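Numbering (our numbering), first residue to last: 10 to 565.
What follows is a set of notes on a single structure, which appears directly below.
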């Protein structure tokens, strides 16, 4: 990485004329910026002839301006569509969910029913309006491989297996005590993005690598590590039905599902034992022994997030390092989603573990002055999260992860609207830089004619933004500060345990609560995942008088 690559804005391309691309790249350079990220989302011919012709022009102009390029790694966000490759993949590489149903029965009561008819294996969900784009609809998709995973009878303090009570797809059973018949079953007919890769399957993630990464390498291998700096994953997700619900924790809603895959099933058996499938109802049941519930949820989510880390983050990160480029990006962190499945990857530190930089985003009015006490339901907003947690998530990961060398990145400014000017933009950059963030992806320079209604502000707008010159001064200022922030260690004497595992197990305190007490008393802190104690060699963890992680010292 060049020392000047601290700012790398999105460049939105739609298939414009060559002169437009050269004009916009020159405008980026004139704003004191020396790198940019090509965003393919609005380009209809991604990976087709027009895309390669456009990329030829963009690379040529970048070389003339001595600039470097990052490339968004899919046709559109969220990363995982694989340019449509997942839509025709074998079922074993498609997304899958595990669901739960229960039937209350009384002692001596006999029940008999069809499993598949009772389970109703084609659930539907409310979907956010802005996600109802054509490329995210799944109406035409139906899969025929739904199946029962386990049937059990749970009493107050024990359970029994009902495998021998199943015949020809029906359960017939007479209860010997009051309890619940619990059915755990699998389906691919659920979720908002059925045409996306399965983050729990190595071969499914490979679809994305083959379709996007390898094809760019085939065209531009000579520019990898030179003009082409790397790839950007935008909001990759597990995509199960807790997609946008920021208020739901495990056990809060029996109708919600969890991600699944064929290889994950094997991983659970190795990690939890052959009887794992019979205790899975405890992912949803709250009326059972609390220690047993916590153990099952911890084991399940630990196995799941480890597998996501290996199949997705590690596989792509390894590919990028082997090909001489960086791997950057971010998950959805909003309102504490960073420790959930659904629209995120279940665990912030594991989901980004093998990237070159730790990433976050601040778009759509997330961070605002004096909004740390703002809590709203619609839209969901936790002001304390944005003020005390968001920036420190990225910086904490960047500092403790040996592969990141202290580098963190924030996608910033986007979708605040035209009311956002340079004064607010400087506040936002300062907010994150004072917390240690040292790279920024401003959102965005657009090649579309002015006015473009897509998520303004746009920093150049073909000369129509009157603050463009002042924006360039802000970028020069940001680059100078980021350079001074880079290559050192934070002096943060306090470590706060990341709350994901506690959240899975039951009661937990959100990390922003102790963070606020510390920050408002001018005591700096870092968030540490439990993994720093489990994988001490990876994180260079040492415990003595104080705690040391990758060269960072924590006194408390």
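Where is the CB? At the ideal position from N, CA and C, for every residue including glycine.
Since the structure is predicted, the reported quantities are computational estimates derived from the model, not experimental observations.
Check, Outcome
"Spatial neighbours of residue 528 in its chain, beta-carbon cut-off 6 Å, leaving aside the 5 residues before and after", "397"
"C-beta atoms of residue 19 and residue 453 nearer than 8 Å", "yes"
"Within the stretch 144–224, ranges of the beta strand (DSSP E) (whole runs, at least 3 residues)", "156–163, 168–170, 179–183, 188–196"
"Distance between residue 87 and residue 341 (C-alpha atoms, nearest Å)", "10 Å"
"Whole-angstrom distance between residue 267 and residue 448, CA atom to CA atom", "34 Å"
"Proximity below 8 Å, CB of residue 9 to CB of residue 400", "Past the edges of the chain, shown from 10 to 565, lies residue 9, and the structure says nothing about it."
"Limits of the alpha helix (DSSP H) - the one that residue 569 falls within", "Beyond the ends of the chain as shown, which are 10 and 565, falls residue 569; an answer cannot be given."
"Between the CA atoms of residue 57 and residue 476 - distance to the nearest angstrom", "36 Å"
"Cutoff 7 Å; reference residue 42; Cβ partners in own chain excluding five residues on either side", "16, 18, 484"
"Exposed unless 16 or more other CB atoms sit within 10 angstroms - verdict on residue 230", "exposed"
"Cβ separation of residue 44 and residue 79, assumed to be a contact under 8 Å, to the nearest whole Å", "7 Å"
"Cβ distance (whole Å) where residue 335 is taken to contact residue 238 below 8 Å", "6 Å"
"Cα-Cα separation, residue 378 to residue 436", "8 Å"
"Contact set for residue 285: own chain, Cβ-Cβ below 7 Å, skip 5 residues either direction", "277, 278"
"Nonlocal neighbours in the same chain, by C-beta distance under 6 Å from residue 133, ignoring five residues either side", "Note on residue 133: pLDDT 43, under 50, position unreliable in the model; the coordinate value appears next. None."
"Helix, strand or coil at residue 293 [DSSP, three-state]", "coil"
"Residue 459 classed as buried or exposed, judged by whether at least 16 other C-beta atoms fall within 10 angstroms", "exposed"
"Endpoints, alpha helix (DSSP H) assigned at residue 400", "399–409"
"Backbone secondary structure at residue 537 - three-state DSSP", "strand"
"Buried/exposed call for residue 220, threshold 16 Cβ in 10 Å", "buried"
"Residue 468 - DSSP class collapsed to helix/strand/coil", "coil"
"Residue span of the alpha helix (DSSP H) that contains residue 302, given as start and end", "299–317"
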